[in-house]
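For the sequence shown, my numbering gives the first residue as 685, with consecutive numbering after it.
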Amino acid sequence: MTVPLPPESLWPARLAILAVIGLNLALSEHLTLGPTWLLPSLEGLMLVPLVVVRGRARRHLVRLEARVTPWARDSRVLAIAVIALLHLTNLSSLALLVLSLLRGSGASGVSLLAGALNIWVTNVLVFSLWYWEMDQGGPLRRGLIGKPPDFLFPQMTLAPTTPPWRPMYLDYLFLAFTNGSAFSPTDALPLSRRAKGLMMLQAATSMLTVILVASRAVNILK
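In C-alpha coordinates form, the structure reads like this:
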(Lines of atoms letter the chains of each structure in order from A and count residues from 1; the text may use other names and numbers.)
(Lines give C-alpha, C1' and ligand atoms only; values in the text may rest on other atoms or scores of the structure.)
Protein backbone atom coordinates (compact mmCIF):
# COMPACT_ATOMS: atom_id res chain seq x y z
CA MET A 1 0.00 0.00 0.00
CA THR A 2 1.34 3.44 -0.94
CA VAL A 3 1.37 5.93 1.92
CA PRO A 4 0.93 9.66 1.23
CA LEU A 5 4.10 11.66 1.78
CA PRO A 6 4.22 14.20 4.63
CA PRO A 7 4.02 17.88 3.64
CA GLU A 8 7.31 19.46 2.65
CA SER A 9 9.16 22.28 4.39
CA LEU A 10 7.75 25.75 3.73
CA TRP A 11 10.87 27.72 4.66
CA PRO A 12 12.55 27.81 1.22
CA ALA A 13 9.50 29.46 -0.32
CA ARG A 14 9.20 31.89 2.59
CA LEU A 15 12.82 32.92 2.08
CA ALA A 16 12.13 33.39 -1.65
CA ILE A 17 9.24 35.74 -0.83
CA LEU A 18 11.47 37.72 1.52
CA ALA A 19 14.09 37.91 -1.24
CA VAL A 20 11.51 39.32 -3.66
CA ILE A 21 10.45 41.91 -1.09
CA GLY A 22 14.10 42.88 -0.64
CA LEU A 23 14.58 43.19 -4.41
CA ASN A 24 11.51 45.41 -4.63
CA LEU A 25 12.93 47.67 -1.94
CA ALA A 26 16.19 47.90 -3.90
CA LEU A 27 14.48 49.30 -7.01
CA SER A 28 14.87 52.98 -7.76
CA GLU A 29 11.77 55.16 -7.47
CA HIS A 30 11.32 55.61 -11.23
CA LEU A 31 10.63 51.85 -11.47
CA THR A 32 8.05 51.65 -8.67
CA LEU A 33 4.42 52.66 -8.29
CA GLY A 34 4.33 55.20 -5.49
CA PRO A 35 7.01 55.34 -2.79
CA THR A 36 9.61 52.58 -2.93
CA TRP A 37 8.50 51.19 0.42
CA LEU A 38 4.74 51.08 -0.29
CA LEU A 39 4.24 47.80 -2.18
CA PRO A 40 7.00 45.89 -0.31
CA SER A 41 5.35 46.91 2.97
CA LEU A 42 2.01 45.58 1.75
CA GLU A 43 3.69 42.36 0.64
CA GLY A 44 5.32 41.98 4.04
CA LEU A 45 2.01 42.55 5.82
CA MET A 46 0.33 39.88 3.69
CA LEU A 47 3.18 37.46 4.35
CA VAL A 48 2.56 37.46 8.12
CA PRO A 49 -0.92 35.84 8.06
CA LEU A 50 0.26 33.47 5.33
CA VAL A 51 3.09 32.18 7.53
CA VAL A 52 0.71 31.76 10.48
CA VAL A 53 -2.17 30.09 8.60
CA ARG A 54 -0.04 27.84 6.39
CA GLY A 55 2.17 26.84 9.31
CA ARG A 56 -0.89 25.80 11.28
CA ALA A 57 -2.30 23.96 8.27
CA ARG A 58 0.95 22.03 7.90
CA ARG A 59 0.91 21.01 11.57
CA HIS A 60 -2.67 19.78 11.16
CA LEU A 61 -1.67 17.69 8.15
CA VAL A 62 1.23 16.10 10.00
CA ARG A 63 -0.87 15.33 13.07
CA LEU A 64 -4.09 14.22 11.37
CA GLU A 65 -2.50 12.72 8.24
CA ALA A 66 -5.08 14.61 6.17
CA ARG A 67 -4.64 16.67 3.06
CA VAL A 68 -7.76 18.79 2.81
CA THR A 69 -8.67 20.99 5.78
CA PRO A 70 -10.14 24.49 6.07
CA TRP A 71 -6.70 25.72 7.16
CA ALA A 72 -5.12 24.22 4.04
CA ARG A 73 -7.70 25.82 1.75
CA ASP A 74 -7.40 29.22 3.42
CA SER A 75 -3.61 29.11 3.29
CA ARG A 76 -3.70 28.34 -0.42
CA VAL A 77 -5.92 31.36 -1.10
CA LEU A 78 -3.54 33.55 0.91
CA ALA A 79 -0.50 32.12 -0.89
CA ILE A 80 -2.00 32.79 -4.32
CA ALA A 81 -2.87 36.35 -3.24
CA VAL A 82 0.69 37.02 -2.03
CA ILE A 83 2.29 35.58 -5.18
CA ALA A 84 -0.15 37.51 -7.38
CA LEU A 85 0.80 40.76 -5.61
CA LEU A 86 4.50 40.00 -6.05
CA HIS A 87 3.90 39.28 -9.73
CA LEU A 88 1.84 42.42 -10.37
CA THR A 89 4.49 44.51 -8.62
CA ASN A 90 7.17 43.07 -10.88
CA LEU A 91 5.07 43.56 -14.02
CA SER A 92 4.45 47.18 -13.09
CA SER A 93 8.21 47.71 -12.67
CA LEU A 94 8.79 46.15 -16.09
CA ALA A 95 6.18 48.44 -17.64
CA LEU A 96 7.84 51.47 -16.04
CA LEU A 97 11.21 50.29 -17.34
CA VAL A 98 9.81 50.10 -20.88
CA LEU A 99 8.39 53.61 -20.56
CA SER A 100 11.70 54.91 -19.21
CA LEU A 101 13.55 53.55 -22.22
CA LEU A 102 10.97 54.73 -24.76
CA ARG A 103 10.68 58.23 -23.33
CA GLY A 104 14.38 58.61 -22.62
CA SER A 105 14.12 59.35 -18.90
CA GLY A 106 16.90 61.08 -17.03
CA ALA A 107 17.91 57.86 -15.27
CA SER A 108 21.48 56.74 -15.94
CA GLY A 109 22.26 53.71 -18.06
CA VAL A 110 23.72 51.89 -15.08
CA SER A 111 20.55 52.52 -13.07
CA LEU A 112 18.33 51.16 -15.86
CA LEU A 113 20.50 48.09 -16.37
CA ALA A 114 20.52 47.40 -12.62
CA GLY A 115 16.74 47.75 -12.59
CA ALA A 116 16.38 45.33 -15.51
CA LEU A 117 18.57 42.75 -13.75
CA ASN A 118 16.51 43.20 -10.59
CA ILE A 119 13.29 42.64 -12.54
CA TRP A 120 14.69 39.52 -14.25
CA VAL A 121 15.80 37.92 -10.97
CA THR A 122 12.48 38.81 -9.36
CA ASN A 123 10.68 37.26 -12.32
CA VAL A 124 12.54 33.98 -11.78
CA LEU A 125 11.69 33.93 -8.06
CA VAL A 126 8.03 34.82 -8.61
CA PHE A 127 7.51 32.09 -11.22
CA SER A 128 9.31 29.55 -9.05
CA LEU A 129 6.67 30.34 -6.42
CA TRP A 130 3.86 30.01 -8.99
CA TYR A 131 5.15 26.60 -10.11
CA TRP A 132 5.66 25.45 -6.51
CA GLU A 133 2.16 26.55 -5.51
CA MET A 134 0.41 25.19 -8.60
CA ASP A 135 1.95 21.75 -9.14
CA GLN A 136 -0.24 18.94 -7.80
CA GLY A 137 -2.35 21.27 -5.70
CA GLY A 138 0.48 23.00 -3.87
CA PRO A 139 2.96 22.06 -1.14
CA LEU A 140 0.34 20.81 1.33
CA ARG A 141 -1.29 18.45 -1.18
CA ARG A 142 1.74 17.38 -3.16
CA GLY A 143 2.39 13.72 -2.48
CA LEU A 144 -1.32 12.95 -2.22
CA ILE A 145 -1.98 9.68 -3.99
CA GLY A 146 -3.69 10.08 -7.36
CA LYS A 147 -3.06 13.80 -7.72
CA PRO A 148 -1.91 14.37 -11.34
CA PRO A 149 1.30 16.38 -11.73
CA ASP A 150 1.54 19.60 -13.73
CA PHE A 151 5.24 19.01 -14.51
CA LEU A 152 7.17 15.90 -15.48
CA PHE A 153 10.58 15.97 -13.80
CA PRO A 154 13.30 13.59 -15.05
CA GLN A 155 13.34 11.77 -11.69
CA MET A 156 9.71 10.76 -12.22
CA THR A 157 10.71 8.63 -15.20
CA LEU A 158 13.28 6.62 -13.21
CA ALA A 159 12.71 3.49 -11.17
CA PRO A 160 10.74 4.10 -7.94
CA THR A 161 12.80 4.86 -4.86
CA THR A 162 12.18 4.59 -1.13
CA PRO A 163 11.00 7.06 0.00
CA PRO A 164 9.41 8.11 -3.30
CA TRP A 165 11.00 11.13 -4.99
CA ARG A 166 8.97 14.33 -5.21
CA PRO A 167 9.87 17.87 -6.28
CA MET A 168 10.76 20.45 -3.65
CA TYR A 169 11.03 24.23 -3.93
CA LEU A 170 14.60 24.13 -5.26
CA ASP A 171 13.40 22.00 -8.20
CA TYR A 172 10.85 24.67 -9.12
CA LEU A 173 13.47 27.40 -8.70
CA PHE A 174 15.74 25.56 -11.15
CA LEU A 175 12.79 25.14 -13.53
CA ALA A 176 12.05 28.87 -13.39
CA PHE A 177 15.72 29.81 -13.84
CA THR A 178 16.22 27.61 -16.90
CA ASN A 179 12.93 28.71 -18.46
CA GLY A 180 13.81 32.36 -17.83
CA SER A 181 17.28 32.05 -19.35
CA ALA A 182 16.64 29.59 -22.20
CA PHE A 183 13.02 30.69 -22.91
CA SER A 184 11.99 27.03 -23.07
CA PRO A 185 11.75 23.99 -20.77
CA THR A 186 15.12 22.31 -20.30
CA ASP A 187 14.54 20.19 -17.19
CA ALA A 188 10.88 19.51 -16.42
CA LEU A 189 8.21 19.30 -19.10
CA PRO A 190 4.85 21.05 -18.60
CA LEU A 191 1.95 18.59 -18.70
CA SER A 192 -1.10 20.73 -17.93
CA ARG A 193 -2.36 23.70 -19.93
CA ARG A 194 -1.96 26.03 -16.97
CA ALA A 195 1.68 24.98 -16.61
CA LYS A 196 2.27 25.69 -20.30
CA GLY A 197 0.56 29.06 -20.00
CA LEU A 198 2.66 30.09 -17.01
CA MET A 199 5.88 29.02 -18.72
CA MET A 200 4.93 30.98 -21.84
CA LEU A 201 4.24 34.07 -19.74
CA GLN A 202 7.56 33.76 -17.91
CA ALA A 203 9.53 33.24 -21.13
CA ALA A 204 7.86 36.25 -22.75
CA THR A 205 8.58 38.46 -19.73
CA SER A 206 12.20 37.33 -19.58
CA MET A 207 12.67 37.81 -23.31
CA LEU A 208 11.30 41.35 -23.14
CA THR A 209 13.62 42.17 -20.23
CA VAL A 210 16.66 40.77 -22.05
CA ILE A 211 15.78 42.70 -25.23
CA LEU A 212 15.52 45.92 -23.22
CA VAL A 213 18.89 45.29 -21.58
CA ALA A 214 20.50 44.51 -24.95
CA SER A 215 19.09 47.63 -26.59
CA ARG A 216 20.26 49.81 -23.72
CA ALA A 217 23.71 48.22 -23.79
CA VAL A 218 24.00 48.96 -27.53
CA ASN A 219 23.08 52.60 -26.90
CA ILE A 220 25.70 52.86 -24.16
CA LEU A 221 28.37 51.38 -26.43
CA LYS A 222 27.50 53.88 -29.15
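Where is the CB? At the ideal position from N, CA and C, for every residue including glycine. All figures in this text were calculated on a predicted structure; none of them were measured in a lab.
With the cut-off set at 7 Å, would you say residue i and residue j are in Cβ contact?
i, j, result
"L809", "A703", "yes"
"R787", "S759", "no"
"V761", "M730", "no"
"G793", "L781", "no"
"A741", "L824", "yes"
"P851", "F837", "yes"
"F835", "A872", "yes"
"P874", "M884", "no"
"S712", "S795", "yes"
In whole angstroms, give me the CA-to-CA distance for residue i and residue j.
i, j, result
"A697", "A860", "13 Å"
"E692", "L717", "35 Å"
"T841", "W814", "23 Å"
"N863", "V894", "13 Å"
"K831", "L699", "27 Å"
"P724", "R757", "25 Å"
"R826", "L734", "18 Å"
"W816", "N774", "18 Å"
"M685", "P844", "Because the pLDDT at M685 is just 40, under 50, the model does not fix this residue reliably, and the point stays unresolved."
"A887", "L715", "21 Å"
"L905", "A779", "Below a pLDDT of 50, predicted positions are generally treated as unreliable, and L905, at 47, falls in that range; the measurement from the model is reported next regardless. If you take the alpha carbons of L905 and A779, they lie about 24 Å apart."
In the DSSP assignment, what are the bridge partners of residue i?
i, result
"P874", "F835"
Measuring CA to CA, which of the options is closest to residue i?
i, options, result
"L896", "E817, R740, L783, L875", "L783"
"A908", "M891, A741, R850", "Residue 908 falls outside the range modelled here, since the chain spans only 685 to 906, and no answer is possible."
"N802", "L694, S899, G706, I701", "G706"
"G728", "Q820, A763, R743, E713", "A763"
"T889", "W721, T806, L769", "T806"
Segments of 4+ residues assigned as alpha helix (DSSP H) that fall wholly inside the stretch 688-738: 695-710
task: Return the chain-ordered ranges of every alpha helix (DSSP H) run that is complete within the stretch 743-823 and spans a minimum of 4 residues.
output: If only complete runs of 4 or more residues are kept, the stretch 743-823 shows the alpha helix (DSSP H) at 754-787, 793-818, in order along the chain.
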